[in-house]
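Enquirer: Take a look at this one; I'll ask things after.
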Amino acid sequence: MRRREFLGGVASFAWPLAARAQQPAVPVVGFVRTTALADATEWIAAFRKGLKDEGFVDGQNVRLELRSAENQPERLAALLAELIQRPVGVLVGNAVAMLAAKDATATVPIVFAAGGDPVRDGLVASMNRPGGNVTGVNFFAGLLGAKRLELLRRLALSAKPMAMLVNPNAPNNEAERRDVQDAATTVGQELLVRDVGSAGDIEDAFEAFAKAGAGTLLVGSGPVLVSHRRQIIELAARHALPASYTLREYAAAGGLMSYGASVTDAYRQAGVYAGRILKGEKPGELPVVRSTKFELVVNLKTAAALGLEIPPQLLALADEVID
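Residue 106 in the numbering used here sits at position 103 of the sequence shown; the count goes up by one each step and never skips.
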């Protein structure tokens, strides 16, 4: 073989290798939560759906990396550092995790799904023009406490005190507490509030509620409470406490009633935003989405176990009735 032919053959062999090396890698999306991923399976599936709506399919043209701090916020910095070094194209998660992400990077795009006030909590400069590298979806989890109190009283009006569990580490904790306390004062409802941050705290709170003679229970918002929802539902049943919760997931797991924004839909919208950012849009120019899908869910089986008859007017308002 002549030298020219040999070199031509080498060139034709080397070109595809070089072309392949220059192909862009499959983008990576880091999905980070402060609590267990097992408690967020529906939300992760909804996020994948949002990505798919924008043309990104996990395992094909995008890779979703899931991380959890397992209720230990101090682990977030290391988890985020590892993802940023990969590198990731977008970081997504709940408010506490994305606040840590904002501290960790000013360049990697961040998409949050949060129930508090993202401006007050320091996630964005404004709702319409977030600025910087952060945007997301706001689903009003902690801003509906007064409505939950009203619905619970309609379902199970009691002269006994109403108990309330609050997650002290949730960004919207203080606003939620004030909202519910003001509503309780207005209608003359005695309120017993306990801060809880662990399974042991929750057990202690229910013992304290029992000693104080609580007649109903209001469960606040926040990822710690959501992650312990099965424990809370079991204790509410054991103490025969009619309870109102923030998310449909509680009622689906056996809770009496829930009222709040659809977090599942919020994570779908977060997936859409992540997809748009992967296509080149800037997070700071994407307005924070306000979730407008609210759900009232009533569990009739739990109501029967508590000896409660659901008023027809309340059933008529329900978006979903679980038999």
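Beta carbons are placed, not taken as given, at the ideal position from N, Cα and C, and that holds for glycine.
Could you pull the DSSP bridge partners for S261 from this structure?
Expert: Residue 261 sits at position 258 when you count from the first residue of the sequence shown. According to DSSP, which records beta bridges pairwise, S261 is partnered with Y248, V300.
Enquirer: For N141, which three-state DSSP category applies?
Expert: Numbered from its first residue, the sequence shown carries residue 141 at position 138. Three-state result, N141: strand.
Enquirer: Which two residues bound the contiguous alpha helix (DSSP H) that contains D268?
Expert: Your numbering for residue 268 matches position 265 in the sequence shown. Looking at the DSSP string, the run of the alpha helix (DSSP H) that includes D268 is 266-281.
Enquirer: When you compare the segment 103-117 with the segment 229-244, are there three or more beta-carbon pairs, one atom per stretch, that lie closer than 8 angstroms?
Expert: Too few Cβ pairs lie closer than 8 angstroms, so no.
Enquirer: Quick one: Cα of K52 to Cα of E252, how far?
Expert: Taking the first residue of the sequence shown as position 1, residue 52 is located at position 49. Taking the first residue of the sequence shown as position 1, residue 252 is located at position 249. Roughly 18 angstroms between the two C-alpha positions.
Enquirer: If you drop the 5 nearest sequence neighbours on each side, which residues of the same chain put their C-beta closer than 8 angstroms to that of G125?
Expert: Here residue 125 corresponds to residue number 122 of the sequence shown, with the count starting at 1. Around G125: L102, K105.
Enquirer: Within 10 angstroms of the Cβ of A319, are there 16 or more other Cβ atoms? Answer buried if so, exposed if not.
Expert: Translated into positions along the sequence shown, residue 319 becomes position 316. Exposed.
Enquirer: Can you list, in chain order, the residues of its chain whose CB lies under 8 angstroms from that of W73, leaving out five sequence neighbours each side?
Expert: The count along the sequence shown starts at 1 and reaches residue 73 at position 70. The sequence shown places Glu at residue 73, not Trp. T38, A39, listed in sequence order.
Enquirer: Nearest-angstrom Cα distance between A329 and Y276?
Expert: In the structure displayed, the chain extends from 4 to 326; residue 329 sits before or after that span and is not available.
Enquirer: Buried or exposed: which applies to L69, given that a residue is buried once 16 or more other Cβ atoms fall within 10 Å of its Cβ?
Expert: Here residue 69 corresponds to residue number 66 of the sequence shown, with the count starting at 1. Under this definition L69 is an exposed residue.
Enquirer: Who are the Cβ neighbours of E312 in its own chain at under 8 angstroms, not counting the five residues just before and after it?
Expert: What you label residue 312 is simply residue 309 of the sequence shown in a count that begins at 1. Result list for E312: A306, in chain order.
Enquirer: Should the segment 123-141 be called in touch with the segment 202-218, which here means at least 3 C-beta pairs below 8 angstroms?
Expert: Taking 8 angstroms as the limit for Cβ pairs, the verdict is that the segment 202-218 does not touch the segment 123-141.
Enquirer: With DSSP as the reference, label L102 as helix, strand or coil.
Expert: One-based indexing of the sequence shown puts residue 102 at position 99. In the structure shown, L102 sits in a helix (DSSP, three-state: H, G or I).
Enquirer: DSSP three-state label for A117, please.
Expert: Reading the sequence shown from its first residue, position 114 is the one you call residue 117. Correct three-state label for A117: strand.
Enquirer: Please work out which residues of its chain come closer than 8 angstroms, Cβ to Cβ, to A308, disregarding the five sequence neighbours upstream and downstream, and give them in chain order.
Expert: Reading the sequence shown from its first residue, position 305 is the one you call residue 308. Within the same chain, A308 has close Cβ partners A240.
Enquirer: Need the endpoints of the beta strand (DSSP E) that L69 sits in, please.
Expert: Here residue 69 corresponds to residue number 66 of the sequence shown, with the count starting at 1. 66-71 is the span of the beta strand (DSSP E), which, as asked, contains L69.
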